[in-house]
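Just below is one structure, and these are the notes that go with it.
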Amino acid sequence: MTVSTPSTGSTGGSAEMDRTDLVTLTIDGVQVSVAKDTLVIRAAEQVGVQIPRFCDHPLLAPVGACRQCLVDIPDAGNGRGFPKPQASCTLPVAEGMVVNTQATSEVADKAQQGIMEFLLINHPLDCPVCDKGGECPLQNQAMSNGRGESRFSAGGGLKRTYPKPINISAQVLLDRERCVLCARCTRFSEQIAGDPFIALIERGALQQVGIYEREPFDSYFSGNTIQICPVGALTSADYRFRSRPFDLVSTPGVAEHDSCGAAIRIDHRRGRVMRRLAGNDPEVNEEWISDKDRFAFHYATEPDRLGYPQIREDGELRPASWPEAFAVAARGLQAAGATGVLTGGRVTAEDAYAYSKFARVSLGTNDVDFRSRPLSAEEAAFLAAEVVLRSEVTYADLESAGTVVLAGLEPEDEAATIFLRLRKATMHGTTRVVAIAPYATRGLTKMSGHLLRTAPGDEAAALEALVEHAEHGVDSTAVILVGERLATAPGALSAAVTLARRTGARLAWVPRRAGDRGAVETGCLPNLLPGGRPVADPAARVDAAAEWGVDHLPDAVGRDADQIVAALVSGELGGLVVGGVDPDDTSDPAATRAAIAAASFVVALELRETDVTRAADVVFPVAPVADKAGTFVTWEGRPRPFDAVFSSPSSLPDLRILAGIAEELAALGHGSPLGFRTVVEARAEMEQIGPWDGERASLDGLETAPHTPSTTGHALAAWKLLVDNGTMQDGDKAYRATGRFPVARVSAATYDAHGATLTLTGDRGSVTLPAEVADLADDVVWVPANSGGRGVLADLASPGSRITVTGGNA
Amino acid sequence: MTDVLTPVLTDNWGDERAWTLASYAARGGYTALDKALSMTPDAVIAEVKDSGLRGRGGAGFPTGMKWGFIPQDNPKPKYLVVNADESEPGTCKDIPLMMASPHTLVEGVIISSYAIRANKAFIYIRGEVLHVIRRVQRAVEEAYAAGHLGTDIHGSGFDLDIVVHAGAGAYICGEETALLEGLEGRRGQPRLRPPFPAVAGLYASPTVINNVESIASVPSIIGHGQQWFASMGTEKSKGFGIFSLSGHVQTPGQYEAPLGITLRTLIDLAGGVREGHELKFWTPGGSSTPLLTAEHLDMPLDFEGVGAAGSMLGTRALQIFDDTTCVVRATLRWTEFYKHESCGKCTPCREGTWWLVQTLTALEKGQGTEADLDLLLDQCDNILGRSFCALADGAVSPIMSSIKYFRDEYVAHLTEGGCPFDPARSTAWAGQEVTA
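Take a look at the structure:
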């Protein structure tokens, strides 16, 4: 239903190849036609010939360094041949070209064998202890294209050696003697990530990958270099010496850390995830993932992981059986009366659907919200009118867009896959990035982006101004990406819609969490039912009620998360069903904590023990993504289904738990059962209910809160860094050590006025941070939202509000 | 005998303070520049093309043709880069030229830049030769002061700035694309071609890269006319060139003569091989060109003649070795040089030179068997023509050619269990040792 397929019309690109762009050549006697500018090494793949290679990588610019892919070219297409073997990784095809690879040419075969022999003379024979052994391109190609015995060793040759290994970052280790100097890692860092923190240094056989001694390889994408290293030279502190490739079982998966839906491969052994790798999905993440997607998976096996249901008895939580916990939860909720549901943004679409249905048919309320962060009524209206069911923009569209406007979104931190795609597009020189942001971030600089410096709260005005400014290129070829942070800028989302309408640009909403978009599609909002059915539309309610087989659904638009919190504090609501919500992420952490304390009955569904579970009356452990099948919906609206990696009978998805409570509630005469207990059944029902084909909610007539800029103090800008204190990044110290050091960014004038250490004071507390100068307005301060203490929302103030800046340690 | 020499570039080297502008101008320096500026740039290119001048840096590519490759419709700036990174073992012509008469080069740079419509030129000088760098810097300063450089040169409306850049000590930077990398501030490693420098060279702009001697020859070609230049030399190798003789000759040094002169003539000019000894082997164009023997004494030293003998004219760096020299020892020393200078970018050069040194070292010590000679040749075969640039081709040249001509001497090392030569006898002070 909800998880629609993205529009196919706009993906563009490779669909139909124009015949005139084809070049016909002969490889090993086989004629083949390939697109012009194809490299010989890839044309050979078309006829089933694998030419050995190391430095070649289809997503990196050709370099021709390793010389492993030498082939014989008796005819370059002009009747003349090359006198010497040519590197097929740098040679484009030509009409009439004749290529003889190692399969048919002794010259090519000898050339390749010779190069392989050279590569091995300085390579240690430590395959038995090397992490790459068993999945090593050097090992494999030495077998297929090399000789069995070493003439170098037989002649008493002396290998080049180095002390082992060196840390080039806290996470990445380099064994220099294994390196074949293919420069894949350095080229990735420079060309793809834009983080040229590693480079080749020294020369000759002593050439090696190195870092500047004071700048380690702290790239958000460093793990990709480990994956594309064709030998075991680069390893991670996390995986080094942990397992052998041939002992691992690989399961494809989808990264759960952001709304990008990056394809990953989960390698596991005996019920434990040993490592994660980037999957190859050209339409989404190509072959790259962020370090967060790669390394942050230990959270699921932390010691505080919940293993069994618990119920509160005499003030203390005690273990309980599943049936008992279901029954206690149902009785408690019935007694609590009006109940709100907070799902958190990490749930799968199937789980979100269960929450959405549970609220409506079991609890009889629309008081359900997935947003566990600052939010607004404008945003809910925007999501219902402009986001749900829409799939207007894909990753490919980012590459073909003339201009991409970023508002309330810092892709490198908040949507790393988008960042890589945008950087690729800007490197090609066809796409221009314009960012409405408080300062030019490193990510924006790496995209050669243009900054429209905007103080927090002024985003609406900045978006409105874009209509008039043709020089920014916002026209029908443009794409506007709005981040979830725009919810807190009054009028900004409406302004983005207006901008899109007036220019013809396409608009997409990019939330931070993997489950956010799926929760919108499945109706985890007070104003939306599943499939984009507006709560306010009686026909939509009737439609959903009919699908669900209930008499009627609650007809009033429900409370959003902030209102649920307020209603719990005031006693209007008694019960709370809460999923993966960290109070410190919410608009007002103290209020959320107070609400949980005030609630007469709290049912918590959580992975690990938290402040919420400690305060809850019934606690259910839920399955991490590795233990369940599910679907994440990307920011594009693209469904990304995945299967369970492990099957653990005690690790149940949220939907099974909600089904259990709903059944007990129904037995008590309260609502109806959910009608499904498994992910497969939930998916089938979602398919059945389908998208709403009636009139959609509209933004027209929406009143946005007026923006009344304050002039006192400094405006607080904040977002979460990619690597920060998020609980789903727990468990890998080396990974976390690669994060950026938390600093407060201020203008040069503020820095000069207050010095190198700043104390920031807001309505919720004070934090002291080292200061760094950036091109901010003089009255704006930027801080990382969750890189110290309990985060800015709990410790300082709400982003967008005014704070006081003083020098030194207060 | 001396009338076989054609001193043009070297003619003023003996003058009093020849490196000064005053001395250079006294001989008519910078008058060719006026003549060039009165011509159209295309006419200057045509003159150089018609003269038959071929690149003096080793490869011998026709200079005028190279200039003609510069796309004049390209909106980017055009650059002239002078390759003064003279580092080839045995080559010693550009550095003495810049030392003795830097203004010859500067005038050539101005005329050449005018021809290709470059308003910025770079002279990339080998970093180790500090004295020479200072001479060239001073010459450029003098030229600016005299109005030969800067804006509106000689009232022609042509502007030119020259940057003198010091290299940082890498042989590979004599390779033109590695030189460009170095000039741009990167590590000196050769670039992938295409694009060729003529289209996307320095700062991705159209760039001509020429050797010092090529550019320094331009003023005389313009001054005397292309026919004067073409009247010297041989049919396909026109003009004159500096031949640097080193090693076991009586009077080593730079001899400027028409291309096509023979080594026999040159050795006679240099007073013959060292007293009491005979020529054993020699390199025609530095250590990267396959070595030759006494049987090639009468071979014409032009591009075609040396090529026909299986070697290359290269930079006309004639290293003369007499019968006291162990060819295995000489070859090993050269190979150690290439191992040290390999930039590391490509496998055959980086790993191959590492291995070649080990194999040759063993052979010099008399270790191994004759089969190791075939292994050595097979290593060379796996390097030659397989590498990213020509450095590795140069590295295997002395090995393959020395085995070709002196296989018996390699075998003698094995049968005698070591080097049969006394290395002291090949030194310059041989016979003058004082015994304690």
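Respectively, the protein sequence lines represent chains A and B.
Letter by letter, the first sequence follows residues 322 to 1131 in this note's numbering.
Letter by letter, the second sequence follows residues 53 to 488 in this note's numbering.
A virtual CB, placed ideally from N, CA and C, is assigned to each residue, including glycine.
Per-residue DSSP class, three states only, for residue i
i	result
glutamate 1093/A	strand
glycine 285/B	strand
methionine 53/B	Caution applies to methionine 53/B, whose pLDDT of 44 falls short of 50 and renders its modelled position unreliable; the value that the coordinates give is listed next. Correct three-state label for methionine 53/B: coil.
threonine 677/A	The sequence given here places serine at residue 677/A; threonine does not occur at that position. Three-state result, serine 677/A: helix.
proline 945/A	coil
glutamine 241/B	coil
methionine 768/A	coil
glycine 333/A	Residue placement at glycine 333/A is poorly supported in this model, since its pLDDT is 41, which falls under 50; the coordinates still yield a value, given next. Glycine 333/A: coil per DSSP, three-state reduction.
alanine 356/A	strand
asparagine 606/A	coil
asparagine 461/A	helix
Buried or exposed by the 16-neighbour rule on C-beta atoms within 10 Å, applied to residue i
i	result
aspartate 1014/A	exposed
lysine 456/B	exposed
tryptophan 334/B	buried
serine 153/B	buried
aspartate 94/B	exposed
glutamate 427/A	exposed
proline 271/B	buried
glycine 400/A	exposed
glutamine 279/B	exposed
phenylalanine 458/B	buried
glutamine 367/A	exposed
Element boundaries [beta strand (DSSP E), containing residue i]
i	result
asparagine 263/B	259-263
tyrosine 131/B	131-136
glutamate 637/A	637-640
methionine 437/A	That residue, methionine 437/A, is in no beta strand (DSSP E); its alpha helix (DSSP H) goes 427-442.
tryptophan 1103/A	1101-1105
proline 875/A	Careful: proline 875/A lies outside any beta strand (DSSP E) and carries neither H nor E.
valine 379/B	Run containing valine 379/B: none in the beta strand (DSSP E); it sits in the alpha helix (DSSP H), 379-393.
Boundaries (first-last residue) of the alpha helix (DSSP H) holding residue i
i	result
histidine 270/A	Nothing can be reported for residue 270/A: it is not among the residues displayed for chain A, which extend from 322 to 1131.
arginine 472/A	472-475
lysine 332/B	Unbroken run through lysine 332/B is the beta strand (DSSP E), 331-335; no alpha helix (DSSP H).
alanine 152/B	146-152
asparagine 126/B	First-last for asparagine 126/B: undefined, no H or E at that position.
tyrosine 176/B	Not the alpha helix (DSSP H): tyrosine 176/B falls in the beta strand (DSSP E), residues 172-177.
Proximity winner among the options, relative to residue i (alpha-carbon distances)
i	options	result
glycine 110/B	Cys144/B, Ala78/B, Ile122/B and Ala98/B	Cys144/B
leucine 139/B	Thr405/B, Glu227/B and Leu344/B	A small correction: the amino acid at residue 139/B is serine; leucine does not occupy that position in the sequence shown. Checking every option, the nearest Cα to that of serine 139/B belongs to Glu227/B.
isoleucine 549/A	Arg753/A, Leu598/A, Ser972/A and Leu1020/A	Leu598/A
serine 389/A	Glu720/A, Ala882/A, Gln462/A and Val419/A	One point to set straight first is that residue 389/A is glutamine, not serine, in the sequence displayed. For glutamine 389/A, the nearest C-alpha among the options comes from Gln462/A.
leucine 360/A	Val351/A, Gly350/A and Val384/A	Val384/A
glycine 275/B	Gly81/B, Gly483/B, Ala74/B and Thr62/B	Gly81/B
glycine 1052/A	Asp876/A, Asn601/A, Leu494/A and Ala617/A	Ala617/A
leucine 1090/A	Gly839/A, Val1113/A and Cys506/A	Val1113/A
phenylalanine 375/A	Glu416/A, Pro458/A and Leu343/A	Pro458/A
tyrosine 629/A	Glu930/A, Leu989/A, Val1001/A and Ala432/A	Glu930/A
alanine 816/A	Glu700/A, Ile1124/A and Pro1063/A	Glu700/A
glycine 209/B	His200/B, Val216/B and His217/B	His200/B
proline 247/B	Arg238/B, Thr229/B and Val264/B	Thr229/B
serine 283/B	Thr479/B, Asp86/B and Leu105/B	Leu105/B
Distance cut-off 7 Å: residue i Cβ against heavy atoms of the ligand SAM
i	result
alanine 74/B	Of the ligands one can find in the structure shown there are none, so the ligand SAM has no counterpart to examine.
Practice task
Examine the Cβ distances between the segment 984-991 of chain A and the segment 636-656 of chain A and report whether three or more of them are shorter than 8 Å.
Solution key: Yes, since at least three Cβ pairs between the segment 984-991 of chain A and the segment 636-656 of chain A fall closer than 8 Å, the two stretches touch.
Problem - Meets three-Cβ-pair contact criterion under 8 Å: the segment 386-405 of chain B and the segment 428-446 of chain B - result: Yes, since at least three Cβ pairs between the segment 386-405 of chain B and the segment 428-446 of chain B fall closer than 8 Å, the two stretches touch.
Handout entry: Inter-stretch contact (C-beta, 8 Å, three-pair minimum) for the segment 759-770 of chain A and the segment 1094-1102 of chain A
Key = Short answer: they touch.
Exercise for the section: Answer yes if the segment 527-543 of chain A comes into contact with the segment 490-499 of chain A, meaning at least three C-beta pairs across the two stretches below 8 Å, and no otherwise. Expected result: As far as the Cβ criterion goes, the segment 490-499 of chain A touches the segment 527-543 of chain A, which means the pair count is three or higher.
Practice task
Mind the definition here: the segment 899-912 of chain A touches the segment 959-966 of chain A only if three or more C-beta pairs lie below 8 Å; say whether that holds.
Solution key: No, because fewer than three Cβ pairs between the segment 899-912 of chain A and the segment 959-966 of chain A fall closer than 8 Å, the two stretches do not touch.
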